[in-house]
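In the UniProt record's numbering, the protein residues as written are 1 to 331.
The C-beta atom is built at its ideal place from N, Cα and C for all residues, glycine as well.
Note that this is a predicted model, so its numbers are computed, not measured.
One structure is given here, and the rest of the page talks about it.
Below, the structure is given as structure tokens:
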């Protein structure tokens with residue numbers, strides 16, 4: 001028999017659903033920012049512009065545009081400049097660097113269109129974990145460009161900010177894909193030269209990013225598969241960022257990195273882990289599980305793989321949003 005709850009007993013008339021309200025408010029903000037990027041608005045605001053200027057440039061009706069700019073200004077995407085009765089609008093530094101289509105680090109519109117989390121969760125509920133086998137052909141130019149854009153939303157910056165490569169001269173970036181980690185590291189440390197090793201079709205895209213950021217002479221793309229790597233070259237830094245989901249392959253990568261390093265060399269490891277305690281990491285862990293039906297590596301598994309390969313002086317540099325960044329030394 002269906003039990004009907006007495007609404008008088010269960011209802012708290014002053015209970016505010018704050019977490020739900022915040023979620024829905026940020027959904028509104030997402031749609032507003034998405035629209036502003038899709039219209040190319042930020043490419044017209046590298047210098048201060050009036051509503052009339054921007055309306056003429058974008059074709060957006062002035063009344064709507066004025067309200068859009070006001071909303072963007074409230075949330076830090078646009079600076080509003082007032083001089084008496086005159087009002088002008090200009091990009092904030094973040095918007096100018098990442099939302100302006102004329103910027104080298106423009107993240108594009110795809111990151112706002114392809115919300116992978118929802119697709120993964122829905123597919124898992126309906127069909128279980130994905131059964132797609134990731135072969136070399138999986139890495140299409142479109143996918144790699146999307147990964148590059150996503151990396152510019154914080155992955156590259158957080159890594160470069162916490163890893164100190166002062167005095168290091170030669171880095172191997174294994175499975176470095178787009179090469180942005182190497183490019184940003186060499187911009188920060190001009191004395192560093194980096195070699196990005198990845199599959200031949202991926203290396204072609206790497207070359208494009210190297211040229212785009214004027215990093216020729218500091219970063220070089222090397223076509224190849226790390227499983228087949230045979231070289232007598234030694235490096236004083238090896239970078240490994242989310243290269244494999246196989247624990248066996250990961251252990252192989254740690255051993256390979258150890259062999260490629262000179263004495264005193266550093267491995268810089270950036271990887272998804274399943275056991276971080278912060279709030280957002282729980283969402284990342286769910287997303288990663290829905291992708292393959294298994295958790296990412298645990299922090300213990302990563303530490304054990306480093307120690308098993310012979311590394312010492314292991315330091316945790318960063319842990320948030322499902323990502324752990326470590327460095328370790330070859331004694």
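As for any alpha helix (DSSP H) of minimum length 4 sitting wholly inside the UniProt domain "O-methyltransferase dimerisation" (29–101), the runs are 51–58, 62–74, 93–98, ordered along the chain. Here residue 329 carries a strand assignment [DSSP, helix/strand/coil].
A Cβ-Cβ separation of about 6 Å places residue 81 in contact with residue 90 under the 8 Å criterion. In the structure shown, the three-state DSSP call for residue 223 is strand. Contiguous beta strand (DSSP E) elements confined to the UniProt domain "O-methyltransferase C-terminal" (157–276) occur at 170–174, 193–198, 219–223, 235–241, 261–272, taking only those with 3 or more residues. When Cβ pairs closer than 8 Å are counted between the two stretches, the segment 195–208 is seen not to touch the segment 281–301, the count staying below three.
Under the criterion of beta carbons closer than 8 Å, residue 128 and residue 293 qualify as touching, at roughly 7 Å. Nearest Cα to residue 153 within the set 165, 167, 179, 107: 107. Three or more Cβ pairs closer than 8 Å define a contact, and the segment 213–222 falls short of that threshold against the segment 244–256.
Closest in alpha carbon position to residue 240, among 110, 60, 327, is 327. A direct Cα-to-Cα measurement between residue 115 and residue 49 gives close to 32 Å. Annotated three-state conformation of residue 319 is strand, per DSSP. Residue 130 has no beta-bridge partner at all, per DSSP. In the three-state scheme derived from DSSP, where H, G and I count as helix and E and B as strand, residue 153 is classed as helix. Counting along the chain, residue 110 sits inside the alpha helix (DSSP H) bounded by residues 110–113. Bounds of any alpha helix (DSSP H) do not take in residue 11, whose DSSP letter is neither H nor E. In the three-state reduction of the DSSP assignment, residue 104 falls in the coil class, being assigned neither a helical nor a strand state. Residue burial is scored here from C-beta neighbours: residue 316 has fewer than 16 other C-beta atoms within 10 angstroms and is therefore classed as exposed. One thing to note: residue 156 has its Cβ no nearer than 7 Å to the Cβ of residue 188. In terms of Cα proximity to residue 121, the closest of 291, 55, 303, 199 is 291. Boundaries of the alpha helix (DSSP H) around residue 308: 299–309.
Of the candidates 18, 226, 192, 236, 236 places its Cα closest to the Cα of residue 263. When DSSP reads this structure, residue 312 sits in a beta bridge with 329. If you check the CB distance, residue 169 and residue 258 do not come in under 7 Å. Between residue 52 and residue 65, the C-beta gap is not smaller than 7 Å, which leaves the two residues out of contact. The beta carbon of residue 314 sits closer than 7 Å to the beta carbons of 303, 306, 326, 328 from its chain, once the five residues preceding and following it are set aside; these are given in chain order. Annotation for residue 289: the continuous alpha helix (DSSP H) segment containing it runs 279–292.
Put simply, of 104, 244, 321 the residue whose alpha carbon is nearest the alpha carbon of residue 212 is 104. Closest by C-alpha distance to residue 276, out of 269, 265, 268, 299, is 299.
Taking C-beta atoms as the reference points, residue 297 and residue 273 count as a pair closer than 7 Å. Assignment of beta-bridge partners to residue 324 by DSSP yields 271, 319. For residue 233, the closest of 143, 14, 260, 44 by C-alpha to C-alpha distance is 260. The beta carbon of residue 309 sits closer than 6 Å to the beta carbons of 254, 255, 258 from its chain, once the five residues preceding and following it are set aside; these are given in chain order.
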